[in-house]
Structures are given as structure tokens and as C-alpha cells.
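*Asks:* Take this structure first; my questions come after.
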Ligand SMILES: [Zn+2]
């Protein structure tokens, strides 16, 4: 019945068009001409009526094809073109019928009315009306494009907007994000897996909520002073302390200290109140130095020159300020530093994971899990924030599209599908670690976990962390990808502690972490903006994840 109703509008449209052609193009005796101003005359009404039926049928037909863009526009254009063709043929074939421009107008009016009715019936009335729903079933006319890319873009834009302050621990950013996401889960009709979808936990985190200034003055007074821009030219290191300082001298690290312990001690004594200037390579070697030397360097303010700014979070504070400055933004010459930095180490900051479930119809105690972290790095000073569009508004958007899919009654899975939105991933996988220690479903009953993080690109396909661990599952994933050409390439990786799948893997839960490759390379910086994301692999990743989950028991 469903397939018949789905197939009917197509042939009916063609039949109707054929009948129209036959009736209008067969010779008839000359009829009296209709004056053009009598738009409501019988002839006009007949034209409009005939085209209303044509457009209505064609509309119902076109609306079944979710891939057809602007179906209404095509139907309308098609009907008017068909009307014009008939008028031209009537004129050329001289079949005794008259061709008139006013007919085209009535055709158009009829088509608009018919199309309007088709849209109303197809999208709103028919799925609701039981009797007619049999003839024109819900699936056919209320069909939703999956994933809804426009909605996914809106999700990413919302999560990455300045309103959410980088989803971190300044201005309640992560709380605002959680509030928005609870609302989304509720609207999708998902069941909470914890009260109000919320699993609370706390963390210690160092934040930069206030003053954020770094300036380099030329000691000779020739070049004046250079104000560096937060986020673009410099950031505070995750564990930086906050102080205010006027005119501190700068000493470049002498790499001889790595070669000779005696030099190191003598050199570090001379450092005193000076700020220490070093490269990221030097910094990685500081651990090699003897403890007294290290302590002295630790208590100095440090400027680390880096090729690219990559922000991060820390749960502790160093004894002195630490700045990271883009190497090519560092002015040459003899420098004096000025800075004002407000750093606040917050202990036991209350945050949360969000957890929702679509209960399985046949095996509700068997779980498939989709996870994504919604937190990001927050703010750096009063104005600069990290949007985190790719990391990980994109993964959250994909999770919500999968949630929307399984929340639909017709897609109700046999086993349960759990959706986990982790907090504090950027602070060291804290949310997922907490969940594994306080699981809301028995970990042993999780058949598979699919973690989504960095899903905003995809030009070069995707990588599957743990693909080399669960080789059978990865081979299966490859087969699904090749069957439907979802992503240009899938690459397997070994285990890695680089996202929220990791605590689950460690606890023995089979898990993949999927991330897309290619396109934007912005990462943990102010350029990770929604506009930089192509979403080239988003629909592919959606199809792949859905098919994978379905094959594991979600269908
Ligand atoms: Zn990240």
C-alpha cells in the first residue's frame, strides 16, 4: 500500500499531462474568442482548474524526492513551460483552437493554487489524517533529509557563538552550553538517563577572566612600544599565574645550561627579576635540569616563542606568569616587558556531563553509545574567546543528528542507544573519566561506543582511532563505507588518549573515535570558527555512523 501510494502521483501526473495534450491539440470547431479582461470566464477557470490538478499531482510527486532542491520552484516552472508549449503548438498546428497570453496567466494561477494545496496536504494535513495517511503515508511526505545540514550548521553556530563564551569556565560558558543542549535533547523527545539529563562533577581549573595585556617596550626608546593582541599574538600558558608588572627586563635562555650543570647554576642565579625568553624546544628540555636550577627558572616569568598558538587548560597554577607568543610577532631589539594578567585558579568548579537514551524495543538492556564532548577552552581575557566550532561543536551537531534519527518512532532501535555529551574533555578527559567511574549504564552492557570529535571537515576522509585494535569492526566499517561511498577514505589508527573514547577503552569497552581530515587546520585557537568548516564529510560520517550502529543492533 505504501509503495503504491508513493508511486501513484508520478504516473498520474504523466497521464493527466497526456490527456491535456490530446484534448487541447485535437482539432475542434472555432470557439468564440474570450475577451482578455474576462479573467473569471469559463475558459479561464477551466485552464486554471486543469493546471491546478497538474501542479498538485506533480507537487506530490516532487515532494517525495528529498534530494530534489526547490521542488516547488521546479513544478511551477514546469507547469508554466508546459502551458506555454501547448499555446505555441496550438498556434503552429492551427488546430482551430486559439492561443492567448491570458491562458498562460490562468495556467500559472491554477498551478500556484494546485501546488499550494499539494504542499499543505503533503507536509501537514495528510500525515496527520489517518484515512488519507494510508494513501499518502507519513514517511513519503513528511520525509526529512538526513542529516539536516542546515540544522547542523545552526547547532555549530549556536555553540560557537560569543554568547556561550567558548564553552569554558569563564562567564559560565559551559553551563550555558549545557542548558542549550538539554533543551535540544528534550525537543528531540529523548529520555534523560540522569535527572534533567545531568551527571554533575567538579574540576579544578585555571582561568583568565579579566585583564590580559602584554606589551613590549623598546628600551632604547627608538622603536616605541608594541602592544600584543590576545589570541592573535599571544596567549597565557594554561598554568600561568596572574600578576601586574611594569618594565621588566628580558633575558634569553642560554642553551649552554643544558650542557654544563655549573654553567646552569651560575646562569640561573643571574636571572633574578628578569623575565625568561625561550623557545618551545628549550622549554621541552627544562625537565633535564637539576632541581635547584629548575626551581629558579620556574619562579621567573616566562615568554615562550611558538610557531603557532595552541591553547589548553590546566588544573594548577605555576608560581609565575607564562606567556606564549607567536615567534614572528616578537619584536627585535632590547626589550622591556609590561603585562597585566588576571589568572584565577578555581577549585571544585561544578560542571556536568549530559546523558540521554532512546530505549530499545527488543533488547533495552543492551547499549550502543554515541559520545561527543561539548566543552571547549573558554576565554582569554575579557574579549577573546575560543569558538571551538570544529572542536567540538561539529561532533555535538553530528550526535544530535543521530539522536534525531533514532528518536523518530519509525527508527526505534531494538537495543538501546545512549547519547553522552561530555564536559571537561579539554581539561584532560575529565567528564568521560568521571562517567567511566560512575557509569549510568553498566559498562559491560555497552556493545560499542562511537566517539565523535572534530567532524567539521572531511575533504580527505576520516581517521578511526582504535581501528587497529578492533580490526573486525574496522573491516566492517570499511565495507559499509565502500558500499555507500560515504567518505573518500578511512584510515585506522592504534590506541590514543586523545579524546573521550579513551577512558572507555581502558575500561574494556569496545570503542572507536572518529574524526574527519582535510580542510580547516584551525585547532585550539581563535580561528576555529563555524565559517571555516566545510562539513564536507558530515553527511558521509552520519550515514556511516548510522549504518554501523544499525548493523550492531540499532536496527
Ligand atoms: Zn580539543
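Numbering (the numbering used here), first residue to last: 74 to 628. Ideal Cβ positions, reconstructed from N, Cα and C, are used throughout, including at glycine.
Who does residue 629 pair with in a DSSP beta bridge?
*Replies:* The structure shown does not extend to residue 629, since the chain spans only 74 to 628, so no value can be given for it.
*Asks:* Along the chain, which unbroken stretches of the alpha helix (DSSP H) at least 4 residues long are found entirely within the stretch 391-445?
*Replies:* none
*Asks:* Name the residue from 496, 399, 439 whose alpha carbon lies nearest to the alpha carbon of residue 447.
*Replies:* 496
*Asks:* Would the beta-carbon of residue 415 be found less than 6 Å away from any heavy atom of ligand 1?
*Replies:* no
*Asks:* Three-state secondary structure (DSSP) at residue 204?
*Replies:* Low local confidence applies: a pLDDT of 39 at residue 204 is under 50, so the model's placement there is unreliable, with the coordinate-based value given in what follows. Reduced to three states, the DSSP call for residue 204 is helix.
*Asks:* With C-beta atoms as the reference, is residue 406 less than 7 Å away from residue 296?
*Replies:* yes
*Asks:* Closer than 7 Å by C-beta to residue 363: which residues in its own chain qualify, once you throw out the five before and the five after it? Chain order, please.
*Replies:* Non-local C-beta neighbours of residue 363 in its own chain, meaning closer than 7 Å and more than five positions away in sequence, comprise 334, 337, ordered along the chain.
*Asks:* With a CB to CB cut of under 6 Å and the five nearest residues on each side skipped, what residues in its chain are close to residue 91?
*Replies:* none
*Asks:* Alpha carbons only, please: which of 301, 365, 553, 609 is nearest the one belonging to residue 625?
*Replies:* 553
*Asks:* Please report the distance separating the alpha-carbon of residue 427 from that of residue 249.
*Replies:* 13 Å
*Asks:* Along the chain, where does the alpha helix (DSSP H) containing residue 186 start, and where does it finish?
*Replies:* 174-193
*Asks:* Answer yes or no: the CB of residue 464 versus the heavy atoms of ligand 1, is any distance below 6 Å?
*Replies:* Yes, since a heavy atom of ligand 1 falls inside the 6 Å radius drawn around the Cβ of residue 464.
*Asks:* Compute the Euclidean distance between the alpha carbons of residue 611 and residue 531, then round it to the nearest angstrom.
*Replies:* Taken atom to atom, the span from the alpha-carbon of residue 611 to that of residue 531 is near 7 Å.
*Asks:* Use the C-beta contact count for residue 538: other C-beta atoms within 10 angstroms, 16 or more gives buried, fewer gives exposed.
*Replies:* buried
*Asks:* Measuring alpha carbon to alpha carbon, tell me which of 178, 349, 561, 144 ends up nearest residue 118.
*Replies:* 178
*Asks:* Identify the continuous alpha helix (DSSP H) that holds residue 484 and give its terminal residues.
*Replies:* Looking at the DSSP string, residue 484 is not in any alpha helix (DSSP H), and its letter there is neither H nor E.
*Asks:* Between residue 488 and residue 444, which are expected to be in contact by the criterion C-beta below 8 Å, what is the C-beta distance as a whole number of angstroms?
*Replies:* Residue 488 to residue 444, Cβ: 17 Å. No contact.
*Asks:* Could you name the residues of the same chain whose beta carbon sits closer than 7 Å to that of residue 197, not counting the 5 residues immediately before and after it, in chain order?
*Replies:* The pLDDT assigned to residue 197 is 49, lower than 50, so where the model puts this residue is not dependable; a value taken from the coordinates is nonetheless given after this. Counting only Cβ-Cβ distances below 7 Å, and skipping sequence neighbours, we find nothing.
*Asks:* Just to check my reading of the structure: residue 276 and residue 424 have Cβ atoms closer than 8 Å, yes? What is that Cβ distance to the nearest angstrom?
*Replies:* Contact annotation, residue 276 with residue 424: C-beta distance approximately 6 Å; criterion of less than 8 Å satisfied.
*Asks:* Using the beta-carbon count (16 or more within 10 Å), is residue 146 buried or exposed?
*Replies:* exposed
*Asks:* In whole angstroms, give me the CA-to-CA distance for residue 245 and residue 238.
*Replies:* 8 Å
*Asks:* With respect to the alpha helix (DSSP H) encompassing residue 338, which residues constitute its N-terminal and C-terminal limits?
*Replies:* Its alpha helix (DSSP H) spans residues 334-344.
*Asks:* Ends of the alpha helix (DSSP H) at residue 510?
*Replies:* 503-510
*Asks:* Is residue 499 near ligand 1, going by C-beta to nearest heavy atom under 6 Å?
*Replies:* Under cutoff, so the answer is yes.
*Asks:* Please confirm whether residue 509 and residue 580 have their CB atoms less than 7 Å apart.
*Replies:* yes
*Asks:* Measure from the alpha carbon of residue 305 to the alpha carbon of each residue in 318, 313, 286, then state which is nearest.
*Replies:* 286
*Asks:* Could you check where the beta strand (DSSP E) with residue 588 kicks off and where it finishes?
*Replies:* Counting along the chain, the beta strand (DSSP E) containing residue 588 begins and ends at 584-589.
*Asks:* Helix, strand or coil for residue 212 per DSSP?
*Replies:* Only weak support exists for where residue 212 lies, its pLDDT of 41 falling under 50; the coordinates are left without a value.
*Asks:* Identify whether residue 562 lies in helix, strand or coil by the three-state DSSP scheme.
*Replies:* coil
*Asks:* Counting only the same chain and skipping the five closest in sequence on each side, list residues whose C-beta sits under 6 Å from that of residue 435.
*Replies:* 487
*Asks:* Nearest CA to the CA of residue 576: which residue from 616, 507, 614, 595?
*Replies:* That would be 507, whose Cα lies nearest to the Cα of residue 576.
*Asks:* Short of 8 Å in beta carbon distance, which residues of its chain neighbour residue 457, apart from the five on each side in sequence? Order them along the chain.
*Replies:* 285, 303, 304, 599
*Asks:* Less than 7 Å between the C-beta atoms of residue 563 and residue 535, yes or no?
*Replies:* yes
*Asks:* Can you list, in chain order, the residues of its chain with a C-beta nearer than 7 Å to that of residue 560? Leave out the 5 residues immediately preceding and following it.
*Replies:* Within the same chain, residue 560 has close Cβ partners 531, 534, 535, 554, 610, 613, 614, 617.
*Asks:* Give the range of the alpha helix (DSSP H) segment to which residue 492 is assigned.
*Replies:* Looking at the DSSP string, residue 492 is not in any alpha helix (DSSP H); the run it does join, the beta strand (DSSP E), is 488-495.
*Asks:* Count the other CB atoms within 10 Å of the CB of residue 368; is the residue buried (16 or more) or exposed (fewer)?
*Replies:* exposed
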